[in-house]
């Protein structure tokens, strides 16, 4: 077998196929049954894909676009491209053709693998402007029977061509893998870009594999682990935690049947390692709370009683800390039997050894809920340019409002401006075809400028405040950290999204999106009829509810001398949900504050000019790309503010 | 995008069918044909006799006069289960699913036609009965995949929103692997998005499974968009028959819909 070291993904794949050929590597639910592929079988499939691509003209250094939901064959296509010394470029599956067109042209894509008809249609649309896209391979043939385009081929056919090719040139596959170098680019991952065009982050095999090894060691990931692949393949997190880690640790990747069945598949698989942005943990908790409210009296009482026990004792017990009285210990164990255990089982979280969250701040209630129920939820911090991994919380040192300690091998420095700088082996090679941007991002000493503002707490944990350029000041000099305020608002289940304004202004104001599910449930309980999102969002009772939430946040802010003056004075509830398709959020659901400020300028004016209501007409884009307008007359609401605790003079 | 289907010779011929319930005349000497692989719409104002026509084709009602010939076999008095065995399946306007059963079980009942084992064999569930069950389950899973209802596979039908129930109803009809599919107002009560989804599935059934479709529909845009030919009924009589464009320009049809007294 291989004499060289295991320093590229293809070599790792062959190694896994050799040391554990019979162990499950991939699973996918098809026709209601979980189908399993072993490592040996996967290596075989990758070989036929790679040979097929080579036979069709794919050369070393070429880039292969991958677009679709998480499917084993799409992952294998990435492996096949890397085996030939090529570079996979995964795209976001819910991007519209125009967004994909940018990436396809920037990365100069000539070969693409698409999951189904929807993605094929978008690629064909792009091909009209980018004729260099000469080959499109598809996985699911449904709806494509009558497509006559010459460049369309099914993956099945591609593999048949590949097997034929391999039959005639037996040493080709291994030969190509031999030529791979760890300094080769392993993937180009486009950042979602809150401002401007997305940038393609080129990561090498060395950087990715090193990081994956560090991660696997950090949490003890091994061959018995199971992971559910449901986060977009275009996102660095999936590439690292699923794709890279599986090469290094040899566990099993499970692909859900469809995006709609993820919650169900989660329950069936019971993964041992789970990553989700706070939003998903929030959704799960909201679902649980809604269903508990619908349950019978006995169950409700039991749930609330034992959750109170968990709040007292759970987190300490999870971290094996002392100070839990024996009575509480007993009650907690009883609670595990009656409440936490069954709850985790229903959610599919029974086997979780480690659960991570990151990308945004997580609410205290949320964090407490999961940890006290016995789920080892931890936070981490990182970005595409650093292979995610900058800081992670070690088990046993988990705190609510930090993102953890720098990982082994990662140096974190805070610049004078407060910006977080990072230097690590997981650093990107460059932004693809953007030398200027690369030079701006990585300074002469090799430190990457993250663009986040943060500081270290006395325990050596990093705390992130906000994006450095968004941290501003009110007219009176008070620190204004919009994300901090927005997160506090979003901790309430009723508020789905919030956008705060205030830089250079006298006071802070906010635009708010309500959470349809939570408020719908709340409204039903009070016999308030509503006909849809816009209707619900405009009801006075709902406005009152949101006002209470805002005032709660203000109360909290009043206790902090530094931020006390950035309490939220006025707010407007938006008539439509902020959406990535309308450019208001990024594809990873982060708020594009500047763009929203421009698009809803009339509302922002109304907030600051003291108007009581404001008419607005907004453009929205439907999923098929057509545009339409939604208009509404929105009321501006006032929120009570509280006097700030006496400010202490800074030393 | 070109479709691969070819509209062939007539497989269903309705000839001079008259149906009355006592003194109430539902259909009067209605004749039309349905060609293989086409989508035929039956339209008309309320009370025109459209559902009755479907029921006659299906064997639920027996006409007093006239015959229905399916694949050359003429018959007047046929039972619904015989019609089903010959390859005609249907959906119902008001949904006739078993509300307490899951989607999967409802679709499996649609396979009843194809089940060859008797009650005793199925009760013991060994050997042949088990193999059959697996085959049926595989076929039903394909339909679930086709109609994109994986996420509600185990949900009791009674808990589903109306649009999804209609889709499950369609699935159950497909489970019988019909050659001719009768759809009774498949889009009734749906909003625009649901209608578009249902249209897509109806077109997919016609295109991918090669099934001939007869559908009753009130939404004119749907009818004009997806049907190949249209039959117009009014007060039990046929007043129009042709392509959507021909029918749209037919004065008698316009009068019937606009309510000119006649």
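Residue numbers (the working numbering), protein chains in the order written: chain A, 1 to 651; chain B, 652 to 913.
Note that beta-carbon positions come from the ideal geometry of N, C-alpha and C, so glycine has one too.
- For residue 544 of chain A, which three-state DSSP category applies? By 1-based counting over the first chain, the position of residue 544 of chain A is 544. In the three-state scheme derived from DSSP, where H, G and I count as helix and E and B as strand, residue 544 of chain A is classed as helix.
- Query: Going straight from the alpha carbon of residue 310 of chain A to that of residue 423 of chain A, what length do you get?
  - Reply: Locating residue 310 of chain A in the first chain gives position 310, where the first residue counts as 1. Locating residue 423 of chain A in the first chain gives position 423, where the first residue counts as 1. Roughly 40 angstroms separates the two Cα atoms.
- Query: Rounded C-beta distance between residue 746 of chain B and residue 817 of chain B? I'm assuming under 8 angstroms.
  - Reply: Position 95 of the second chain, counting from 1, holds the residue named residue 746 of chain B. Position 166 of the second chain, counting from 1, holds the residue named residue 817 of chain B. Contact flag correct, Cβ pair sits at about 7 angstroms.
- How is the alpha helix (DSSP H) around residue 278 of chain A delimited, first residue to last? Taking the first residue of the first chain as position 1, residue 278 of chain A is located at position 278. Looking at the DSSP string, the run of the alpha helix (DSSP H) that includes residue 278 of chain A is 278 to 294.
- Cβ-based burial, residue 436 of chain A [other Cβ within 10 Å; buried from 16]: Here residue 436 of chain A refers to the residue found at position 436 of the first chain. By the neighbour-count rule (16 or more Cβ atoms within 10 Å), residue 436 of chain A is not buried but exposed.
- Message: According to DSSP, simplified to helix, strand and coil, what is residue 728 of chain B?
- Response: Position 77 of the second chain, counted from the start, is the residue given in the question as residue 728 of chain B. Three-state DSSP puts residue 728 of chain B in coil, outside helix and strand.
- Query: Can a CB atom of chain A be found closer than 8 angstroms to the CB of residue 789 of chain B?
  - Reply: Sequence index remark: in the second chain, residue 789 of chain B carries index 138 (1-based). Closer than 8 angstroms to some Cβ of chain A, the Cβ of residue 789 of chain B qualifies, so yes.
- Task: Could you tell me the boundaries of the alpha helix (DSSP H) in which residue 760 of chain B lies?
- Result: Stepping through the second chain from its first residue, residue 760 of chain B is reached at position 109. 754 to 760 is the span of the alpha helix (DSSP H), which, as asked, contains residue 760 of chain B.
- Item | Continuous beta strand (DSSP E) stretch holding residue 536 of chain A: start and end | Counted from its first residue, the first chain places residue 536 of chain A at position 536. Judged by DSSP secondary structure, residue 536 of chain A falls outside any beta strand (DSSP E) and instead within the alpha helix (DSSP H) spanning 533 to 537.
- Task: Check whether the Cβ of residue 641 of chain A lies closer than 8 angstroms to any Cβ atom in chain B.
- Result: Position 641 of the first chain, counting from 1, holds the residue named residue 641 of chain A. Under the Cβ distance rule, residue 641 of chain A does not count among the residues neighbouring chain B, no pair being separated by less than 8 angstroms.
- Message: Cβ closer than 7 angstroms: which chain A residues qualify as neighbours of residue 793 of chain B?
- Response: Along the second chain, one-based indexing puts residue 793 of chain B at 142. Proximity of chain A to residue 793 of chain B at the Cβ level (cut-off 7 angstroms) is accounted for by 31, in chain order.
- Message: Threshold first: 4 residues or longer. Then list the alpha helix (DSSP H) segments lying entirely within the stretch 153 to 224 of chain A, N to C.
- Response: Annotation note: the stretch 153 to 224 of chain A contains the following uninterrupted alpha helix (DSSP H) runs of length 4 or greater, listed N- to C-terminal: 155 to 168, 172 to 178 and 205 to 219.
- Message: With H, G and I counted as helix, E and B as strand and the rest as coil, what does DSSP make of residue 455 of chain A?
- Response: Sequence index remark: in the first chain, residue 455 of chain A carries index 455 (1-based). Note: residue 455 of chain A maps to strand in three-state DSSP.
- Task: Could you tell me whether the Cβ atoms of residue 109 of chain A and residue 96 of chain A are closer together than 8 angstroms?
- Result: For the purposes of this step, residue 109 of chain A is taken as the residue at position 109 of the first chain. For the purposes of this step, residue 96 of chain A is taken as the residue at position 96 of the first chain. Result no, Cβ atoms of residue 109 of chain A and residue 96 of chain A do not sit closer than 8 angstroms.
- Whole angstroms is fine: what's the gap from residue 656 of chain A's alpha carbon to residue 611 of chain A's? Only positions 1 to 651 of chain A appear in this structure, which leaves residue 656 of chain A out of reach.
- Task: Rank B/706, B/784, B/862 and B/883 by C-alpha distance to the C-alpha of residue 657 of chain B and give the top, closest one.
- Result: Translated into positions along the second chain, residue 657 of chain B becomes position 6. Among B/706, B/784, B/862 and B/883, the Cα nearest to that of residue 657 of chain B belongs to B/862.
- Query: How about residue 412 of chain A and residue 462 of chain A: do their beta carbons lie closer than 8 angstroms?
  - Reply: Along the first chain, one-based indexing puts residue 412 of chain A at 412. Along the first chain, one-based indexing puts residue 462 of chain A at 462. Yes. Within cutoff.
- Decide yes or no for the touch test of the stretch 660 to 674 of chain B against the stretch 697 to 708 of chain B: beta carbon pairs closer than 8 angstroms, at least 3 of them. Output reads yes: the stretch 697 to 708 of chain B touches the stretch 660 to 674 of chain B.
- Item | Cutoff 8 angstroms: residue 959 of chain B Cβ touching any chain A Cβ | Lying outside 652 to 913, the shown extent of chain B, residue 959 of chain B is not represented and no answer is given.
- Can you find a CB in chain A that lies within less than 8 angstroms of the CB of residue 657 of chain B? For the purposes of this step, residue 657 of chain B is taken as the residue at position 6 of the second chain. Residue 657 of chain B does not count as touching chain A.
- Message: Taking 8 angstroms as the threshold (C-beta atoms), are residue 83 of chain A and residue 173 of chain A in contact?
- Response: Within the first chain, residue 173 of chain A is the residue found at index 173, counting from 1. Within the first chain, residue 83 of chain A is the residue found at index 83, counting from 1. The answer is yes: Cβ separation under 8 angstroms.
- Out of A/268, A/52 and A/280, which has the shortest C-alpha to C-alpha gap to residue 255 of chain A? Position 255 of the first chain holds residue 255 of chain A. Checking every option, the nearest Cα to that of residue 255 of chain A belongs to A/268.
- Out of A/363, A/349, A/344 and A/377, state which residue places its alpha-carbon closest to the alpha-carbon of residue 357 of chain A. The residue given as residue 357 of chain A occupies position 357 in the first chain. Nearest of A/363, A/349, A/344 and A/377 to residue 357 of chain A, Cα basis: A/377.
- Buried or exposed: where does residue 907 of chain B fall if 16 or more other Cβ atoms within 10 Å of its Cβ makes it buried? The sequence position of residue 907 of chain B within the second chain is 256, counting from 1. Flag for residue 907 of chain B reads buried.
- Could you name the residues of the stretch 248 to 265 of chain A whose beta carbon sits closer than 8 angstroms to any beta carbon of chain B, in the order they occur along the chain? Of all residues in the stretch 248 to 265 of chain A, only 257, 258, 260, 261 and 264 come within less than 8 angstroms of chain B when Cβ atoms are compared, listed by chain position.
- Would you list the one or two residues that DSSP bridges to residue 891 of chain B? One-based indexing of the second chain puts residue 891 of chain B at position 240. In DSSP, residue 891 of chain B forms a bridge with B/883.
- Query: Is the stretch 566 to 574 of chain A touching the stretch 539 to 548 of chain A, taking contact as three or more C-beta pairs under 8 angstroms?
  - Reply: Contact between the stretch 566 to 574 of chain A and the stretch 539 to 548 of chain A is present, because at least three Cβ pairs lie under 8 angstroms.
- Query: Do you know how far the Cα of residue 471 of chain A is from the Cα of residue 54 of chain A?
  - Reply: Mapped onto the first chain, residue 54 of chain A falls at position 54. Mapped onto the first chain, residue 471 of chain A falls at position 471. Note on geometry: alpha-carbon atoms of residue 54 of chain A and residue 471 of chain A lie some 50 angstroms from one another.
- Message: I'd like the list of long-range same chain contacts for residue 636 of chain A, defined as Cβ closer than 8 angstroms, with 5 residues on each side in sequence excluded.
- Response: For the purposes of this step, residue 636 of chain A is taken as residue 636 along the first chain, with counting starting at 1. 570, 571, 572, 606, 607, 611, 612, 613 and 614.
- Could you have a look at residue 667 of chain B and say whether DSSP puts it in helix, strand or coil? Here residue 667 of chain B refers to the residue found at position 16 when the second chain is read from its first residue. Residue 667 of chain B sits in a strand when the DSSP states are folded into three classes.
- Scan the stretch 862 to 889 of chain B for residues whose Cβ lies nearer than 8 angstroms to a Cβ of chain A and list them as they occur along the chain. Of all residues in the stretch 862 to 889 of chain B, none comes within less than 8 angstroms of chain A when Cβ atoms are compared.
- Message: For residue 274 of chain A, report the span of its beta strand (DSSP E) as first-last.
- Response: Sequence index remark: in the first chain, residue 274 of chain A carries index 274 (1-based). First-last of the beta strand (DSSP E) with residue 274 of chain A: 273 to 275.
- Query: Is there contact between the stretch 754 to 773 of chain B and the stretch 786 to 806 of chain B, where contact requires at least three CB pairs shorter than 8 angstroms?
  - Reply: Yes, since at least three Cβ pairs between the stretch 754 to 773 of chain B and the stretch 786 to 806 of chain B fall closer than 8 angstroms, the two stretches touch.
- Query: Quick one: is residue 813 of chain B buried, meaning 16 or more other Cβ sit within 10 Å of its Cβ, or exposed?
  - Reply: In the second chain, counting from the first residue as 1, residue 813 of chain B sits at position 162. Flag for residue 813 of chain B reads exposed.
- Go to residue 103 of chain A, then tell me how far its alpha helix (DSSP H) extends in each direction, as first and last residue. Translated into the one-based positions of the first chain, residue 103 of chain A becomes position 103. Residue 103 of chain A -> alpha helix (DSSP H) spans 97 to 106.
- Taking buried to mean at least 16 other C-beta atoms within 10 Å of its own C-beta, is residue 776 of chain B buried or exposed? Locating residue 776 of chain B in the second chain gives position 125, counting from the first residue. If you draw a 10 Å sphere on the C-beta of residue 776 of chain B, you find fewer than 16 other C-beta atoms in it, and that means exposed.
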